[in-house]
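Asks: Numbers given in the numbering used here equal positions in the sequence shown, counted from 1, plus 1.
By construction, the Cβ of each residue, glycine as well, lies at the ideal position given by its N, Cα and C atoms.
Predicted model only: the values in this text are computed from it and were never measured.
Shown below is the structure under consideration.
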Amino acid sequence: MDPVLPRLEKEERRRRGRLLFRQGKIPMRMVVPNFFTVLSLCAGLTALRMAVEQRFDLAIALIVVAALLDGVDGRLARLLKAQSRFGAELDSLADFVNFGVAPAVLVFVWGLGGLPKGFGWIVALVFALAMGLRLARFNSMIDVEKPKWQANYFTGVPAPAGAAVVLLPLYLDGLGLFDVRAWPWLIAVYTLIIALMLVSTIPTFSGKLMGERISNEYILPMFVGAAAGVALLITYPYGALTLLSLLYLAMVPVSYRRFERKLSEPAAATVAQPDDTALPAADHRMPDTDPANQTKH
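Structure follows, in structure tokens:
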């Protein structure tokens, strides 16, 4: 018998027996991020209803709202120093519903339901399961130490981005350029490719380190750009979402090359210093970073 197992079981029993809140009162700052998480979960569940009712425009809008709220709760938790195990578990549950179940059902009802022998449902099921596995891997690798620069990369496509990108056929259909639903097999293949990207180990750019400090001269342009982006998303939703999805897919190979280049820099330093003080090569593991950040994630 493995001597480590009894210690692990003891630690697991101790963790499960730990009280959720040790104090009778908790600071309000600990509640605020979870409030946004609950709102995103409500949006995802409502998107499921809209998909079943074939109100696809509202379903897409609600999934986008859930993705925006998912980004807000993680950043609020870090800014307020309100990270908690409860918030991390709630966020993972919300991510699975919002970005795994809701998009899978939406794509199935919209374009995969007509495939023979239930193949369309199998494709939707694979996507939802891939999202669940991606979130489980994220939770299991939270405590793994890594260099700070790797915090700028996710392992695989994060949950919100995967949900947004898998809906690209619906965006193209909304533009009205051609009948996308005439090629259900192509939609199925595309959905499976996105599912594989979720569970892959491809490093994708997260941009977390970019938000640590902002120069004064970029504050006003940032506000103007954000306002313009929201206006564009409201005025031309399908065009804006199509453009964002294509840009993200194009950035995946770029982020991979940048990660490999950054990963090789410590190795080059090791070669340059043959003595015992040379730095070891960087670890190839790239876990997601913050337990309060579900992006998905």
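Going by the beta-carbon positions, is the gap between G88 and N35 smaller than 7 Å?
Replies: What you label residue 88 is simply residue 87 of the sequence shown in a count that begins at 1. What you label residue 35 is simply residue 34 of the sequence shown in a count that begins at 1. A contact, by the Cβ cut-off of 7 Å.
Asks: Between V158 and A241, what straight-line distance do the alpha-carbon atoms span, to the nearest angstrom?
Replies: By 1-based counting over the sequence shown, the position of residue 158 is 157. By 1-based counting over the sequence shown, the position of residue 241 is 240. C-alpha separation (whole angstroms): 20 Å.
Asks: Look up P159 in the DSSP assignment and say whether it is helix, strand or coil.
Replies: Along the sequence shown, read from residue 1 onward, the residue named residue 159 stands at position 158. It is coil, neither helix nor strand.
Asks: Do Y239 and L176 have their beta-carbon atoms positioned less than 7 Å apart in this structure?
Replies: What you label residue 176 is simply residue 175 of the sequence shown in a count that begins at 1. What you label residue 239 is simply residue 238 of the sequence shown in a count that begins at 1. Contact: yes.
Asks: DSSP state of Y154, grouped into three classes?
Replies: Within the sequence shown, the letter at position 153 stands for residue 154. Strand at Y154.
Asks: Leaving aside the five residues before and after L193 along the sequence, list all residues of the same chain whose C-beta is less than 7 Å from its C-beta, in chain order.
Replies: For the purposes of this step, residue 193 is taken as residue 192 along the sequence shown, with counting starting at 1. Hits under 7 Å: V124 and V127.
Asks: Just reading off the alpha helix (DSSP H) that T236 is part of, what are its end residues?
Replies: In the sequence shown, counting from the first residue as 1, residue 236 sits at position 235. Segment I220 to T236, the alpha helix (DSSP H) holding T236.
Asks: Measure the C-alpha to C-alpha separation of V86 and S141 and round it to an integer number of angstroms.
Replies: Working through the sequence shown from its first residue, we reach residue 86 at position 85. Working through the sequence shown from its first residue, we reach residue 141 at position 140. Val is not the amino acid found at residue 86; the sequence shown has Arg there. Roughly 13 Å between the two C-alpha positions.
Asks: For the beta strand (DSSP E) that T205 lies in, which residues bound it at each end?
Replies: Counted from its first residue, the sequence shown places residue 205 at position 204. Start and end: P204 to F206.
Asks: For F100, is the classification buried or exposed, using 16 other Cβ atoms within 10 angstroms of its Cβ as the cut-off for buried?
Replies: Walking along the sequence shown from the start, residue 100 turns up at place 99. Its Cβ being crowded by 16 or more others within 10 Å, F100 is buried.
Asks: Y257 and S207 - do their beta-carbons sit closer together than 7 Å?
Replies: Counting from one through the sequence shown, the residue named residue 207 turns up at place 206. Counting from one through the sequence shown, the residue named residue 257 turns up at place 256. For S207 and Y257, no; Cβs fall outside 7 Å.
Asks: With a threshold of 6 Å (Cβ to nearest heavy atom), would I220 be considered close to the ligand GTP?
Replies: Looking at this structure, you won't find the ligand GTP or any other ligand, since it has none at all.
Asks: Buried or exposed: Q274, going by 16 or more other Cβ atoms within 10 Å of its Cβ?
Replies: Within the sequence shown, numbered from 1, the residue matching residue 274 stands at position 273. Confidence at Q274 is low in this model, with a pLDDT of 46, below 50, so its placement is unreliable and the value that follows should be read with caution. Exposed, since its Cβ has fewer than 16 Cβ neighbours within 10 Å.
Asks: Taking F100 as part of the alpha helix (DSSP H), name the residues at either end of that continuous run.
Replies: Within the sequence shown, numbered from 1, the residue matching residue 100 stands at position 99. Taken as a continuous stretch (DSSP letters only), F100 belongs to no alpha helix (DSSP H), as it is neither H nor E.
Asks: State the CB to CB distance for the pair T38 and D92, rounded to an integer number of angstroms; the pair is presumed to be in contact (CB under 8 Å).
Replies: Looking up residue 38 in the sequence shown gives position 37. Looking up residue 92 in the sequence shown gives position 91. That pair is a contact at about 5 Å.
Asks: Could you pull out every residue in the same chain whose Cβ sits closer than 7 Å to the Cβ of L359, ignoring the five residues on either side in sequence?
Replies: With the chain represented from 2 up to 298, any question about residue 359 goes unanswered, as that position is not in the structure.
Asks: Considering only C-alpha positions, which residue in the set A78, P104, W184 and L81 is nearest to A44?
Replies: Within the sequence shown, numbered from 1, the residue matching residue 44 stands at position 43. Nearest of A78, P104, W184 and L81 to A44, Cα basis: P104.
Asks: Is the segment 159-168 touching the segment 224-234 in the sense that three or more CB pairs, one from each, lie closer than 8 Å?
Replies: Short answer: they don't touch.
Asks: List the whole-angstrom C-beta distance separating V33 from A83, where the pair is believed to meet the contact cut-off of C-beta under 8 Å.
Replies: Working through the sequence shown from its first residue, we reach residue 33 at position 32. Working through the sequence shown from its first residue, we reach residue 83 at position 82. At roughly 7 Å, the Cβ-Cβ gap stays under 8 Å, so V33 and A83 are in contact.
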